[in-house]
Amino acid sequence: MFGSKTGTSAKDKFMQVFLLAVGVAFNAIGAGIFILPNNFLCGGATGYGRFIAHVANIPTSYAVAIVSVVLFLLGLICLGKKFAATIILGTFLYPACLYIIETVPGLQNLTQDKLLASVFSALFIGVGVGIVIRAGGSTGGSDVIAIVAHRKFGVSTAAVLNVVDIIALLLQCTFATVDDVLYGVFIIILYTMIMNQVLIMGSSDAHFIVVSEKWEEINAALHKDVLTGTTLLQGRTGYLGKDQQVIICTVRRRSVRKVKDTILGVDPVAFTTMVPASDVSGRGFSLDRYYGRNDYIDD
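Per this note's numbering, residue 46 is the first one in the sequence shown, and the count goes up by one each step.
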């Protein structure tokens with residue numbers, strides 16, 4: 046099923062799923078063991094689940110499962126099966142891990158030191174989310190709302206994410222103390238810093254050079270599936286002397302696996318070179334993707 050014809054081996058697929066599972070589990074540990082027992086504020090699906098659990102008086106894992114499934118269905122309906130497949134593991138494994146943690150009493154009182162709990166929650170969540178993104182997956186959650194808003198209405202993904210998280214935090218403020226709020230803000234700042242370090246670990250952005258007879262299909266797939274820009278250069282093969290278009294593109298580290306899978310999915314024998322790229326500037330990097338353009342067409 047995952048042989049050479051698709052460009053991805055069964056071993057690679059297994060390792061990807063394994064890393065996604067580890068990342069999701071780390072995320073659940075950070076929330077279930079350190080955040081929820083200490084009543085710290087949190088964003089995303091967990092934040093909304095925590096509010097629903099408080100209002101409906103149900104276990105937080107149940108409420109998070111409800112929110113996650115609703116967001117999964119939203120992504121499936123609005124963005125299609127391909128997108129839904131990238132978040133399905135996080136959608137169901139994350140609340141399942143939270144449930145397991147809730148049923149082990151000792152894990153709910155692992156530490157009474159709130160500062161220590163906040164630091165370790167940020168550590169587990171930052172590393173967990175970083176692993177998930179590096180493995181080419183997504184944690185789902187509130188990301189779905191942001192991606193739908195961007196695809197359908199052209200709204201900035203970052204802006205929607207910020208609004209969604211702020212609303213989640215404000216809802217939880219109705220039953221939180223000032224200390225809980227401050228610890229929650231501290232955790233969000235710290236885990237974001239840790240996540241960014243995990244993402245750039247080993248390399249920065251990546252620069253691809255692709256030579257393939259199916260360059261037109263690969264170029265179109267990169268635009269549609271990865272949402273990345275490309276540059277075409279006229280080249281000539283050294284042995285046969287054939288004129289050949291060469292594809293060049295630069296992407297964020299988190300998109301490297303998706304670019305590789307996209308290229309090999311079209312042409313398993315494509316000659317592909319990837320090198321680290323540093324200090325990248327321009328649209329999509331230091332500037333907004335559509336900065337200075339008036340030809341934006343919604344995907």
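Built from N, CA and C at the ideal position, the CB exists for glycine as well. All values derive from a computational prediction rather than experimental measurement.
> Should the region 146-154 be called in touch with the region 219-228, which here means at least 3 C-beta pairs below 8 Å?
Replying inline: no
> Any idea what DSSP makes of Ile122, helix, strand or coil?
Replying inline: Here Ile122 carries a helix assignment [DSSP, helix/strand/coil].
> Could you give the distance in angstroms between the alpha-carbon of Thr202 and the alpha-carbon of Tyr284?
Replying inline: Each residue's Cα considered, the two are about 46 Å apart.
> For the candidate residues Gly171, Gly186, Ala167, whose alpha-carbon lies nearest to that of Ile111?
Replying inline: Gly186
> When the Cα of Pro313 is compared with those of Trp260, Leu143, Val230, which residue comes out closest?
Replying inline: Trp260
>> I believe Val209 touches Ile190 by the beta-carbon criterion, under 8 Å. Please report the beta-carbon distance rounded to the nearest angstrom.
In response: Going by Cβ atoms, the distance from Val209 to Ile190 rounds to 6 Å, so yes, they are a contact pair.
> Which of helix, strand or coil does DSSP assign to Thr295?
Replying inline: strand
>> Can you look up Ile103 in the DSSP assignment and give me helix, strand or coil?
In response: coil
>> So if DSSP puts Arg281 in a beta bridge, which residue, or which two residues, is it bridged to?
In response: Asp288
>> With H, G and I counted as helix, E and B as strand and the rest as coil, what does DSSP make of Pro313?
In response: Coil at Pro313, not helix or strand.
>> Output needed for Val164: all residues of its chain with C-beta closer than 8 Å, excluding positions within five of it in sequence on either side, in chain order.
In response: Leu235
>> By the three-class DSSP mapping on this structure, what secondary structure does Asp250 have?
In response: strand
>> Would Gly286 and Asn241 qualify as a contact pair, given that the criterion is a beta-carbon distance under 9 Å?
In response: no
> Closest by CA to Arg281, which one among Thr273, Ile292, Tyr139?
Replying inline: Ile292
>> Runs of 3 residues minimum, wholly inside the region 157-236: which ones carry the beta strand (DSSP E) assignment?
In response: none
>> Looking only at its chain, what residues have a beta carbon closer than 7 Å to the beta carbon of Leu67, apart from the 5 residues adjacent to it on each side?
In response: Note on residue identity: the sequence assigns Val, not Leu, to residue 67. Around Val67: Ile176.
> Which residue comes first and which comes last in the alpha helix (DSSP H) that contains Gly68?
Replying inline: 55-74
> By Cβ distance, which residues of its chain are closer than 7 Å to Pro140, with the 5 residues on each side in sequence left out?
Replying inline: Ser106, Val109, Ala110, Ser113
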